[in-house]
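Below is one structure, written out as structure tokens; the observations come after it.
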Amino acid sequence: MNSLQPLQEKETQKITIPDFKQSLAYQFADASTKKNISEFYGPEFGYLGKEEQEYILNNLAYIGKITQKYLRYPSNAAMLQQGGGNVVEFYLHPNGDISDLKIIKKSGFILLDRNSVKTIEIAYKDYPHPKTKTLIRFYINYFIRYR
Numbered sequence: 001m002n003s004l005q006p007l008q009e010k011e012t013q014k015i016t017i018p019d020f021k022q023s024l025a026y027q028f029a030d031a032s033t034k035k036n037i038s039e040f041y042g043p044e045f046g047y048l049g050k051e052e053q054e055y056i057l058n059n060l061a062y063i064g065k066i067t068q069k070y071l072r073y074p075s076n077a078a079m080l081q082q083g084g085g086n087v088v089e090f091y092l093h094p095n096g097d098i099s100d101l102k103i104i105k106k107s108g109f110i111l112l113d114r115n116s117v118k119t120i121e122i123a124y125k126d127y128p129h130p131k132t133k134t135l136i137r138f139y140i141n142y143f144i145r146y147r
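In the UniProt record's numbering, the protein residues as written are 1 to 147.
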């Protein structure tokens with residue numbers, strides 16, 4: 001009967017999510033970064049390695065700004081008055097390469113979604129390099145401005 005004891009103990013153990021919100025990097029992160037982490041990573045963020053978490057906390061807003069610099073509104077989408085946003089996901093590697101680039105929340109417009117992927121494929125070369133392979137997720141928004 002004692003041989004079952006360890007198995008029973010394992011079954012009753014609860015999985016705890018590491019509390020990344022206690023880290024200094026999280027406490028000093030801007031409100032937008034905290035919102036993005038909460039919305040796009042959720043509890044999964046707590047399972048990322050410490051280096052990944054710190055990289056995301058320190059660079060996610062900057063990656064968004066770099067991407068914005070390269071982002072152009074597709075002319076066909078503008079003519080069709082297509083607006084909205086999507087969420088992209090990819091892995092950023094220590095050598096600066098990216099992999100597994102995809103849209104994880106679609107805008108509802110293929111022109112905007114394709115443009116986001118193309119923009120990341122150009123902009124990533126300017127992203128700061130992480131120390132370890134890091135999962136990146138962020139929102140790309142397309143605003144229609146009426147004049």
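Glycine included, each C-beta is placed from N, C-alpha and C at the ideal position.
Whole-Å CB distance - residue i paired with residue j, under 8 Å assumed
i	j	result
N76	L111	6 Å
A29	L57	5 Å
T119	E52	Not quite, the Cβ-Cβ distance comes to about 23 Å (not below 8 Å), so this is no contact.
N59	P128	5 Å
I144	G96	With a Cβ gap of about 33 Å, I144 and G96 do not count as contacting.
F90	I140	Not really, about 12 Å apart at Cβ, beyond 8 Å.
Y73	Y124	In fact, because the Cβ distance is near 20 Å, the residues do not count as touching under 8 Å.
F138	V88	6 Å
K50	P94	In fact, because the Cβ distance is near 15 Å, the residues do not count as touching under 8 Å.
I122	Y70	5 Å
T33	A78	Actually they are not in contact, since the Cβ atoms of T33 and A78 sit about 29 Å apart, beyond 8 Å.
One or two residues paired with residue i in a DSSP bridge
i	result
G86	Checking the displayed sequence, the identity of residue 86 turns out to be Asn instead of Gly. N86 is bridged to I140.
G135	A quick correction: the sequence has Leu, not Gly, at residue 135. L135 is bridged to Y91.
Extent of the continuous alpha helix (DSSP H) run through residue i
i	result
I66	50-70
I122	110-123
A78	75-79
S32	31-36
Residue range of the unbroken beta strand (DSSP E) whose run includes residue i
i	result
I103	98-105
Pairs of beta-carbons, one from the stretch 95-105 and one from the stretch 62-71, closer than 8 Å: are there three or more? Because the criterion of three Cβ pairs below 8 Å is not met, the stretch 95-105 and the stretch 62-71 do not touch.
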